[in-house]
Each structure stands twice: as structure tokens, then as C-alpha cells.
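With the working numbering applied, the sequence shown covers 13 to 390. A short worksheet on the structure shown next.
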Amino acid sequence: MNVTVGGRTRHYRTVTFKAATNSVQLIEQRLLPHEFKIASTRDYRATALAITDMVVRGAGAIGATAAYGLAQGARAFRGGGLAKFRAHVGKVFQTLKEARPTAVDPVNAMLQVRREMRAGKTVAEQQALALAAAEEFANGDAAHCEAIGRHGVKLIRDGMRVLTHCNAGWLAFVDIGSATAPMYAAQAQGNKFHVFCDETRPRAQGASLTAWELAQQGVSHQVIADNAAGHLMQRGEIDLVIVGSDRTLGRTGEVANKIGTYTKAVLAARHKIPFYVAIPLSTIDWGMRRGRDIPIEERSEGEVLGAWGVVESSKAKGKGQKLGERAYVRIANPTSGARNPGFDLTPPELITGIITPAGIFKPRELWRNRRVLQSAAH
Ligand code: MRU
Numbered sequence: 013m014n015v016t017v018g019g020r021t022r023h024y025r026t027v028t029f030k031a032a033t034n035s036v037q038l039i040e041q042r043l044l045p046h047e048f049k050i051a052s053t054r055d056y057r058a059t060a061l062a063i064t065d066m067v068v069r070g071a072g073a074i075g076a077t078a079a080y081g082l083a084q085g086a087r088a089f090r091g092g093g094l095a096k097f098r099a100h101v102g103k104v105f106q107t108l109k110e111a112r113p114t115a116v117d118p119v120n121a122m123l124q125v126r127r128e129m130r131a132g133k134t135v136a137e138q139q140a141l142a143l144a145a146a147e148e149f150a151n152g153d154a155a156h157c158e159a160i161g162r163h164g165v166k167l168i169r170d171g172m173r174v175l176t177h178c179n180a181g182w183l184a185f186v187d188i189g190s191a192t193a194p195m196y197a198a199q200a201q202g203n204k205f206h207v208f209c210d211e212t213r214p215r216a217q218g219a220s221l222t223a224w225e226l227a228q229q230g231v232s233h234q235v236i237a238d239n240a241a242g243h244l245m246q247r248g249e250i251d252l253v254i255v256g257s258d259r260t261l262g263r264t265g266e267v268a269n270k271i272g273t274y275t276k277a278v279l280a281a282r283h284k285i286p287f288y289v290a291i292p293l294s295t296i297d298w299g300m301r302r303g304r305d306i307p308i309e310e311r312s313e314g315e316v317l318g319a320w321g322v323v324e325s326s327k328a329k330g331k332g333q334k335l336g337e338r339a340y341v342r343i344a345n346p347t348s349g350a351r352n353p354g355f356d357l358t359p360p361e362l363i364t365g366i367i368t369p370a371g372i373f374k375p376r377e378l379w380r381n382r383r384v385l386q387s388a389a390h
């Protein structure tokens, strides 16, 4: 999407690859919305670390990063024949897979790259195919999001107030975003609507990333505290909910997404507000049979016990802190610990529809339509 920094507007993708230096280029998401910077990783281990440390985050974006990371690792291989090359690629795959556990997109993306590499008869051919396949995945991710916009746009009528949770915008993908795709399509059609961004504690991706994206695109929006959604729903101030997903089970229609999604789905059902999940096809896990088998990432307790932000001018004075400097502040009682599950599971009965690049489906209809969906993936 377009980004305007210091009065200059330019189109950016969240993740790209520089072949000349064999490096992955990432928008440094930990610094947003306060600073816009591109980070570069020079080898696959650094790329895996960028995923773990959330320099890049969001299902599609870490999928594309893992795909490029696999190509990066494959291209760095020197010497020794196809058998050693395959073992090396296996190690790279495993390192990137372990960087974060809940989203399935990195695994699906790397499986796609590995499948396409197999056509190469030499190491050099497979290295070239790996990069081409990673580019194909990244382009496909952007195309999927565009198609989600085409299908989802009809849900956003003039005057609507839409709630979204966390960031399933373009920063969470290569471009456009999944939950935001229908919003950008509605904006392009000239519809007027308003978006409420859940703050999304503990890391506040809604307040920092979704709000920044919508502000950049000129979409009317406000940030709300996570606890405010029920109140607004009860007052009739929310008409529609659209969220993303990190893993959606094709067999059951269960949706794993950022912690707090389940709560919003329960509230939406109570108030009879349509609740949609927007996903590219790489977010569907066709193999897993039960939602409770999805690995739910447990993150550090420091994320719950405090928060990151930048120092404002009045607070910086006399404290030895620099204006605009990134700082962590402790919020919780100093002797208390915390639990920090990063994701939760929303059952299919709470979901009105899944917006995919191939159309909108009831969650339990995914499995019946798997042929259509799987063929649309490529
Ligand atoms: O922990 P994150 O920021 O990587 O979590 C991913 C998300 O942003 C959300 O869960 C999102 O709604 C789905 S990813 C498109």
C-alpha cells in the first residue's frame, strides 16, 4: 500500500527480497507508528529471528518471509551435491518453521517453495526455482487479498460501523490485508463507513498498526480499549465485525486468531452482529482434525505486565529520556507474574462467514468445497 513519510508517498510491500545481497527486506513493525524503517536480514537464521522477535508479524507476512527465508538459505548453500543440499534445505525449513508456532502460513508457504524446487535437476537450478517460488507465493498473497476485497466489499454498506481486532491489514500480509481488503474496496467505491480498531493488548497491534494503516489510507477510524466493544455493541454502534486468522481448520471451520477474538465473537453472537473472518488460502490447515491441537503461542509475561511506547515531550523533560525514544513502562504490580497466550480459538457456530479469495463460505462448508479452494490456491 502507499505510505506517506516526511511528505513523500511511495508504494511498499511488507516483505520483499533483494537478490543481489541475498537479503530479506522487512518493514520494521516494532517501531510503527512512530518510525518507518526497513530492516534487512542477511541469512536465514536472522530471518527466523525477525519472525520470532516480531520485526515482521501477521500470518501472510510471516508466510512470505518464511518463503523468502527458505530461498535465502537455499541460495547460500555452497559445495556438495543434491543430497547435501536437500539436508541443508531441510534444516533451513525447520528453523523457519519453529520461529512462531500458531500461524500455518509459513509452513504452507515453504511447502509450496519446496514442491516447486523439485523440478530442478541441479543445485543451481533448485536455488533459482526457490526464489521464483517465493516470489510467486508473495505475489499470490497480494492477489488473494485483492480477491478477498472483491468478495467482501458487498458486506460494507454506506454508513456502517465495522469492528476489527488486532492487525489483519496489509502489514500482516504482503499487501492490502485480509480483514482490511473489503474496507479498502468499499473506500474505492466511495462508500462512507467507520472502523473501530480494538487496541489488542498486550502488544496493541490494533492501536499501533491497524490505526496507522487506516490513517495512512484516509479511512475514518477510532481506537477503542479491548473492553469497550461489548458496550458499543449493546448501544447499537457496531454493525459488522471482520477479523483475520492465523490458522483456520478446513475440516472443522474453527478459527485461531489473536487473543480476544473469541470474546468478540461471543459478544457479536449475543448482539446478532455478523462476524466474518477474512483469510487467504494459505491460512487454511487441511490436515489438522481438532482446534485444540493448534499450538497456541505463549509469549513473555513482560508484554502483559507493561507496555512499549514512545516518550512524549512533557514526560521526557528532566528524566534523562530523549523525546520520541522508545521506552518500556511497567504497568502491573512489581511482584506479580502473568499468563500471556497469544491466540485463541473461535468455534464455527459463532462465525457468520469466512471470506476467502474464492468466495464467502460458512465455516463448516470449507471442507465440502476443498477442491475449489485448493485449486484456487495456485
Ligand atoms: O501476533 P501477531 O501480530 O503475529 O498476530 C497475528 C495477527 O495479527 C492476528 O492474529 C491477525 O488477526 C491475523 S494475521 C493476518
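For each residue, glycine too, the CB sits at the ideal point set by N, CA and C.
Here T53 is buried. Its C-beta has 16 or more other C-beta atoms within 10 Å. According to the DSSP assignment, R382 belongs to the alpha helix (DSSP H) that extends over 382 to 388.
The segment 227 to 243 and the segment 258 to 265 do not touch, with fewer than 3 CB-CB distances between them shorter than 8 Å.
Counting of Cβ neighbours within 10 angstroms places I50 among the exposed residues, the total staying below 16. Here L94 is exposed, its C-beta having fewer than 16 other C-beta atoms within 10 Å.
Remark: C-beta atoms of E310 and P369 do not approach each other more closely than 7 Å.
Per DSSP, reduced to three states, the secondary structure at Q41 is coil, with no helix or strand assignment. As a beta-bridge residue in DSSP terms, S35 pairs with K30. With a cut-off of 8 Å on Cβ pairs, the segment 339 to 358 is in contact with the segment 313 to 323, counting three or more such pairs. In the assembly as shown, G70 is a buried residue. Its beta-carbon has 16 or more other beta-carbons within 10 Å. Relative to the Cα of M13, the nearest Cα in the group A197, P375, Q84, Q386 belongs to A197. At least one heavy atom of ligand 1 sits closer than 6 Å to the Cβ of G70. With a cut-off of 6 Å, the C-beta of G256 is classified as near ligand 1, since at least one heavy atom of the ligand falls inside that distance.
I296 is bridged by DSSP to T260.
Judged by DSSP secondary structure, V119 falls outside any beta strand (DSSP E) and instead within the alpha helix (DSSP H) spanning 117 to 129.
Contact between the segment 240 to 258 and the segment 218 to 232 is not established, with fewer than three Cβ pairs separated by less than 8 Å. M122 sits away from L61, with the two beta carbons spaced by 7 Å or more. Annotated three-state conformation of L357 is strand, per DSSP. In the three-state scheme derived from DSSP, where H, G and I count as helix and E and B as strand, V101 is classed as helix. Our two residues, A277 and V104, have alpha carbons roughly 37 Å apart in a direct line.
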